[in-house]
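J.:
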Amino acid sequence: MPASERTRRELFRRGGGRCAMCQRFLVIDAGPGGAGYHIAEAAHIVAEAADGPRGRGDRPADVNGIANLVLLCPSDHRTIDKGAGARLWPPDKLLRLKRDHEAWTAVLASRPPQPSGDPVPARTPPGPGTVIVVDGEPYRLCGGTRGVRDVARHADGAFEVTAEGDGSAVWCQGHAYGEGGTEGHAWLRRSEAEPGAGTLRAALADEAALLLDLPALPGLPRLLGVDMTAEAVTLVTAMPSPLTVHDRLARAGLLPGPDELALLARALPPLGEALGRLHDRGSAHRALSPGTLLMPALDTVMLRDLGLASTPPRAGERDDPCHAPEQAAGTVLPGPPADVHRLARVLYELITGCSPGRRARQVAPSTLNPAVPARWDAAFRDALAADPAHRPDVRRFAAALRAGTRTAVRAPRGRGR
Ligand SMILES: [Zn+2]
Numbered sequence: 008m009p010a011s012e013r014t015r016r017e018l019f020r021r022g023g024g025r026c027a028m029c030q031r032f033l034v035i036d037a038g039p040g041g042a043g044y045h046i047a048e049a050a051h052i053v054a055e056a057a058d059g060p061r062g063r064g065d066r067p068a069d070v071n072g073i074a075n076l077v078l079l080c081p082s083d084h085r086t087i088d089k090g091a092g093a094r095l096w097p098p099d100k101l102l103r104l105k106r107d108h109e110a111w112t113a114v115l116a117s118r119p120p121q122p123s124g125d126p127v128p129a130r131t132p133p134g135p136g137t138v139i140v141v142d143g144e145p146y147r148l149c150g151g152t153r154g155v156r157d158v159a160r161h162a163d164g165a166f167e168v169t170a171e172g173d174g175s176a177v178w179c180q181g182h183a184y185g186e187g188g189t190e191g192h193a194w195l196r197r198s199e200a201e202p203g204a205g206t207l208r209a210a211l212a213d214e215a216a217l218l219l220d221l222p223a224l225p226g227l228p229r230l231l232g233v234d235m236t237a238e239a240v241t242l243v244t245a246m247p248s249p250l251t252v253h254d255r256l257a258r259a260g261l262l263p264g265p266d267e268l269a270l271l272a273r274a275l276p277p278l279g280e281a282l283g284r285l286h287d288r289g290s291a292h293r294a295l296s297p298g299t300l301l302m303p304a305l306d307t308v309m310l311r312d313l314g315l316a317s318t319p320p321r322a323g324e325r326d327d328p329c330h331a332p333e334q335a336a337g338t339v340l341p342g343p344p345a346d347v348h349r350l351a352r353v354l355y356e357l358i359t360g361c362s363p364g365r366r367a368r369q370v371a372p373s374t375l376n377p378a379v380p381a382r383w384d385a386a387f388r389d390a391l392a393a394d395p396a397h398r399p400d401v402r403r404f405a406a407a408l409r410a411g412t413r414t415a416v417r418a419p420r421g422r423g424r
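Under this note's numbering, the first residue of the sequence shown carries the number 8, and numbering increases by one thereafter.
(1) Three Cβ pairs or more, each shorter than 8 Å: is that satisfied between the region 229–249 and the region 199–211?
(2) Can you give me the start and stop residues for the alpha helix (DSSP H) that Thr359 sits inside?
(3) Buried or exposed for Pro249, going by 16 or more other Cβ atoms inside 10 Å?
(4) According to DSSP, simplified to helix, strand and coil, what is Trp194?
(5) Asp163 to Trp383, Cα distance in whole Å?
(6) Could you spell out the range, first to last residue, of the beta strand (DSSP E) harbouring Ala170?
(7) Span of the beta strand (DSSP E) holding Thr251?
(8) In angstroms, rounded to a whole number, what distance separates the CA positions of Ala74 and Arg63?
(9) If you measure between the beta carbons of Leu301 and Arg311, is that distance less than 7 Å?
(10) Pairs of beta-carbons, one from the region 253–272 and one from the region 220–235, closer than 8 Å: are there three or more?
(11) Starting from the C-beta of Pro395, find all residues in its chain whose C-beta is less than 6 Å away, skip the five residues before and the five after it, and write them out in chain order.
(12) At which residues does the alpha helix (DSSP H) containing Ile87 begin and terminate?
(13) Evaluate Gly22 with the Cβ neighbour count: other Cβ atoms within 10 Å of its Cβ, from every protein chain shown; 16 or more gives buried, anything less gives exposed.
(14) Buried or exposed for Ser117, please, with buried defined as at least 16 other CB atoms from any protein chain shown within 10 angstroms of its CB.
(15) Any idea what DSSP makes of Gly203, helix, strand or coil?
(16) Under the criterion of a Cβ to heavy atom distance below 6 Å, does Met302 qualify as lining ligand 1?
(17) When the Cβ atoms of the region 280–296 are set against those of the region 308–325, are three or more pairs found closer than 8 Å?
(18) Cβ of Val177 within 7 Å of Cβ of Glu201?
(19) Ala392: which of Pro320, Arg365, Gly226 and Leu78 sits nearest, CA to CA?
(20) Would the C-beta of Met235 count as close to ligand 1, meaning under 6 Å from any of its heavy atoms?
(21) Using a Cβ-based criterion (distance less than 6 Å to any ligand heavy atom), does Asp213 qualify as near ligand 1?
(22) For a test of the three-state rule: what should DSSP assign to Arg368, helix, strand or coil?
(23) Residues around ligand 1, please: the ones whose beta-carbon is closer than 5 Å to some heavy atom of it, in chain order.
(24) Would you report the Cα separation of Thr169 and Leu195, rounded to the nearest angstrom?
(25) Select from Thr137, Arg398, Leu278 and Leu375 the residue whose C-alpha is nearest the C-alpha of Thr251.
(26) Please classify Leu408 as buried or exposed, where buried requires at least 16 neighbouring CB atoms within 10 angstroms.
(27) Keeping to the same chain, check which residues put their C-beta closer than 8 Å to that of Pro263; ignore five residues upstream and five downstream.
(28) Can you tell me the Cα-Cα spacing of Arg25 and Trp96, whole angstroms?
(29) With Val141 and Gly232 assumed to form a contact (beta carbons below 8 Å), what rounded beta-carbon distance in angstroms separates them?
(30) Does the distance from the C-beta atom of His108 to that of Ala27 stay below 7 Å?
(31) Helix, strand or coil for Val114 per DSSP?
(32) Return the residue from the list Leu227, Pro341 and Cys329 that minimises the CA-CA distance to Leu282.
(33) Nearest to Ala410 by alpha carbon, out of Thr137, Ala381 and Arg398?
(34) Skipping 5 residues on each side, what residues in its chain have a beta carbon closer than 7 Å to that of Thr412?
(35) Can you tell me which of Val70, Thr189 and Cys29 puts its alpha carbon nearest to the alpha carbon of Leu78?
(36) Using a Cβ-Cβ cutoff of less than 6 Å, which residues in the same chain neighbour Arg1 once the five nearest sequence positions on both sides are dropped?
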C-alpha cells in the first residue's frame, strides 16, 4: 500500500515544495488560465519491499509513514533507486538529507522577509589546503603555496573559485587528494548557496545523476562520492593521474614527434567513445580545454569531468580561448559539434605549438609540424569548420586520426610518473 494522500501532502508542505536534492521547485506553473500541477515524488528511504532499494536491514515500523519518505523530483528519485545510486545513497544519508532539507524549509518559512536593499553576507569559499569530507572520506584541496592554477590548462594542483551574483553563493572546482580510504588523486566540484537559491546546485545534482547513469568506460570519470546538505553539494570523481595530454606529450619547447603523435592517435578512441556517449543522450561537455583532457595511461585519454553537460546550452555561454564559434554568438545552440570543434582546437595547439586562430582557414598542421601525418590535415580542417553542421561526429574524428597514422608505437622518453 503506497503512502496516503494525506501523508504526501504533509511531506510536500514540510519540504517546501522543493526537491531535497536539486532543490528545484516542483510545482509546474501552467501559465495564465491553466491549473498548475506538481511533479513531486514521495520517495521511500527504505523500500516498501524487502528486495527493493535499501530494503534490507532495519525496517521502520511504518514503511509508508512520513518519517520514511523524502520529497524528490522524478529524476533524483530514479537516481537513488537504481544501480550504483542505491549504493551511493544509503538510508542514513537520505535521512540526513531529508532532515536537513525540512529543517531549512521551516527556518525559511519563519524568517521575516528580507528588505531587498540589505547586503547579503559573502561566503568564505574553500581554498587550497581545505579538507572537505564527502561520504565520510577526507579530501584535501591541492594547490598549496604554488597558488591558484588555471583549471583550463592544468589538472595538477589546479583550483578555481567563482562567486555567483552578490557573493552569497560560491562555486569551486579543483584537484583534491583523498587522504582516507579513497587515497589518491581526485577532482572535486562544489556549490554553496542559501537553500533554494544559487543556480548551480541543480546542475551539480544533475551531474551526479548523469555520472551514475553513464556506463563505466575508460574515457569517463568515475564518481567516488557525493555529499548534499541544504547549503552545499560536493561531487568527487576519481582522477587516476593529474597528468594531462599536454603534460604527457608536449615537452616544454618541443613539438610532439612521430612517436608521441602515434601514441595520441591510439589513445583518442576511448575519449571519442566517452564524448560519444554524452552526445548519444543529446548532451555535450562544451568546456573541453587542455586541463580537462587527462592521459592517465599511454593508451587512454579521459575526461576530467563532465564540463557543462548538465547546464542548459545557450548562445554566448563561453568565450574562452577554446570556444566553438556557436558558443560565443549565433543562433545555433551549442551541442555535440561544439565538443568536436573544441577538441580539435586543443589538439591542434598540442601538435603544432600554435593556436589555429579564428580565420576561416587554418594553416595545415603538417606544415607547422612535419611529424604530423598529412592525412590529419583534412580531419582538422573539417573538425574546425565554422558551421557546426559541417563537422564530423566525435567518434569519426577520433577514428580518422587513428587511421591517419600507422607508425610503430614506442613509449616516448621519460614521460612516466
Ligand atoms: Zn531533484
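The beta carbon of each residue, even a glycine, is placed where N, CA and C say it ideally should be.
T.: Short version:
(1) yes
(2) Translated into positions along the sequence shown, residue 359 becomes position 352. Its alpha helix (DSSP H) spans residues Pro343 to Thr359.
(3) Looking up residue 249 in the sequence shown gives position 242. Classification of Pro249: buried, given that the 10 Å Cβ count is 16 or more.
(4) In the sequence shown, counting from the first residue as 1, residue 194 sits at position 187. The answer is strand: DSSP assigns Trp194 an E or B state.
(5) As a position in the sequence shown, residue 163 is number 156, starting the count at 1. As a position in the sequence shown, residue 383 is number 376, starting the count at 1. When rounded, the distance between both Cα atoms is 30 Å.
(6) Within the sequence shown, residue 170 is the residue found at index 163, counting from 1. First-last of the beta strand (DSSP E) with Ala170: Phe166 to Glu171.
(7) Residue 251 sits at position 244 when you count from the first residue of the sequence shown. Here Thr251 belongs to no beta strand (DSSP E), and DSSP marks it neither H nor E.
(8) Sequence index remark: in the sequence shown, residue 74 carries index 67 (1-based). Sequence index remark: in the sequence shown, residue 63 carries index 56 (1-based). Answer to the nearest angstrom: the Cα atoms are 17 Å apart.
(9) Here residue 301 refers to the residue found at position 294 when the sequence shown is read from its first residue. Here residue 311 refers to the residue found at position 304 when the sequence shown is read from its first residue. Their beta carbons are under 7 Å apart, which means Leu301 touches Arg311 by this criterion.
(10) no
(11) Residue numbering aside, residue 395 sits at position 388 when the sequence shown is read from its first letter. Within the same chain, Pro395 has close Cβ partners Glu333, Val339 and Pro344.
(12) Along the sequence shown, one-based indexing puts residue 87 at 80. Note, Ile87: alpha helix (DSSP H), Pro81 to Asp88.
(13) Position 15 of the sequence shown, counted from the first residue, corresponds to residue 22. So Gly22 counts as buried.
(14) Position 110 of the sequence shown, counting from 1, holds the residue named residue 117. Looking at its Cβ environment, which holds fewer than 16 other Cβ atoms inside 10 Å, Ser117 is exposed.
(15) Your numbering for residue 203 matches position 196 in the sequence shown. Of the three classes helix, strand and coil, the one that applies to Gly203 here is coil, per DSSP.
(16) As a working mapping, residue 302 is identified with position 295 in the sequence shown. Result no, Cβ not under 6 Å from ligand 1.
(17) yes
(18) The residue you call residue 177 lines up with position 170 of the sequence shown. The residue you call residue 201 lines up with position 194 of the sequence shown. No, the Cβ-Cβ distance between Val177 and Glu201 is not below 7 Å.
(19) For the purposes of this step, residue 392 is taken as residue 385 along the sequence shown, with counting starting at 1. Nearest C-alpha to Ala392: Arg365.
(20) What you label residue 235 is simply residue 228 of the sequence shown in a count that begins at 1. No - ligand 1 has no heavy atom lying nearer than 6 Å to the Cβ of Met235.
(21) What you label residue 213 is simply residue 206 of the sequence shown in a count that begins at 1. Incorrect: Asp213 has no Cβ contact closer than 6 Å to ligand 1.
(22) Taking the first residue of the sequence shown as position 1, residue 368 is located at position 361. Of the three classes helix, strand and coil, the one that applies to Arg368 here is coil, per DSSP.
(23) Cys26, Met28, Cys29, Cys80 and Asp83
(24) As a first step, residue 169 must be located in the sequence shown, where it is residue number 162. As a first step, residue 195 must be located in the sequence shown, where it is residue number 188. Rounded to whole angstroms, Thr169 to Leu195 spans 14 Å at the Cα level.
(25) The residue you call residue 251 lines up with position 244 of the sequence shown. Ranking Thr137, Arg398, Leu278 and Leu375 by Cα distance to Thr251 puts Leu278 first.
(26) On the sequence shown, residue 408 is found 401 positions in, with the first residue counted as 1. Buried: at least 16 other Cβ atoms inside 10 Å.
(27) Looking up residue 263 in the sequence shown gives position 256. The residues are Leu256, Ala257, Leu271, Leu357, Ile358, Asn376 and Ala378.
(28) On the sequence shown, residue 25 is found 18 positions in, with the first residue counted as 1. On the sequence shown, residue 96 is found 89 positions in, with the first residue counted as 1. Going from the Cα of Arg25 to the Cα of Trp96 covers about 19 Å.
(29) Walking along the sequence shown from the start, residue 141 turns up at place 134. Walking along the sequence shown from the start, residue 232 turns up at place 225. Sure, about 4 Å apart at Cβ, within 8 Å.
(30) Here the question's residue 108 lines up with position 101 in the sequence shown. Here the question's residue 27 lines up with position 20 in the sequence shown. Going by C-beta atoms, His108 is nearer than 7 Å to Ala27.
(31) For the purposes of this step, residue 114 is taken as the residue at position 107 of the sequence shown. Three-state result, Val114: helix.
(32) On the sequence shown, position 275 is the one that residue 282 refers to. Among Leu227, Pro341 and Cys329, the Cα nearest to that of Leu282 belongs to Leu227.
(33) Here residue 410 refers to the residue found at position 403 of the sequence shown. Here the closest residue by C-alpha is Ala381.
(34) By 1-based counting over the sequence shown, the position of residue 412 is 405. Around Thr412: Leu268, Ala269, Ala272 and Pro380.
(35) Indexing the sequence shown from 1 puts residue 78 at position 71. Considering only alpha carbons, the answer is Cys29.
(36) Residue 1 is absent from the structure shown; the chain starts at 8 and stops at 424.
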